[in-house]
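This report concerns only the one structure given below.
In the working numbering, the protein residues as written are 744 to 855.
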């Protein structure tokens, strides 16, 4: 949330065009890789033993958790692409790159 709030004013909507410059196949390949970022939700399932009504609570908890991850991932990816041209994104440290080169107020880079 701090990165999104600190970087929102740096976004340039013109950088979001074209939307998928390398095509839809690359988007699908990347989606397969990002899927692994959603692992770990089995911890929620293990908490079912302590739930009062697991049949109702577990699907809601897993859905909310996955939804929060999707919103965060899409928001941060959009911010990175709206601040830095897609062909210049540093794949090693894309979030830190947002606040380099004198962008931002100056405090964000060292904090992140």
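Even glycine gets a Cβ: it sits at the ideal position worked out from N, Cα and C.
Host alpha helix (DSSP H) of residue i (start-end)
i	result
residue 774	767-777
residue 798	797-826
residue 749	745-750
residue 729	Only positions 744 to 855 of the chain appear in this structure, which leaves residue 729 out of reach.
Where residue i sits in the DSSP three-state scheme
i	result
residue 830	helix
residue 790	helix
residue 761	coil
Sub-8 angstroms separation of residue i and residue j beta-carbons
i	j	result
residue 787	residue 808	yes
residue 756	residue 829	no
residue 816	residue 777	yes
residue 840	residue 832	yes
- Task: Taking 8 angstroms as the threshold, find out whether the segment 746-763 comes into contact with the segment 820-830 through three or more Cβ pairs.
- Result: yes
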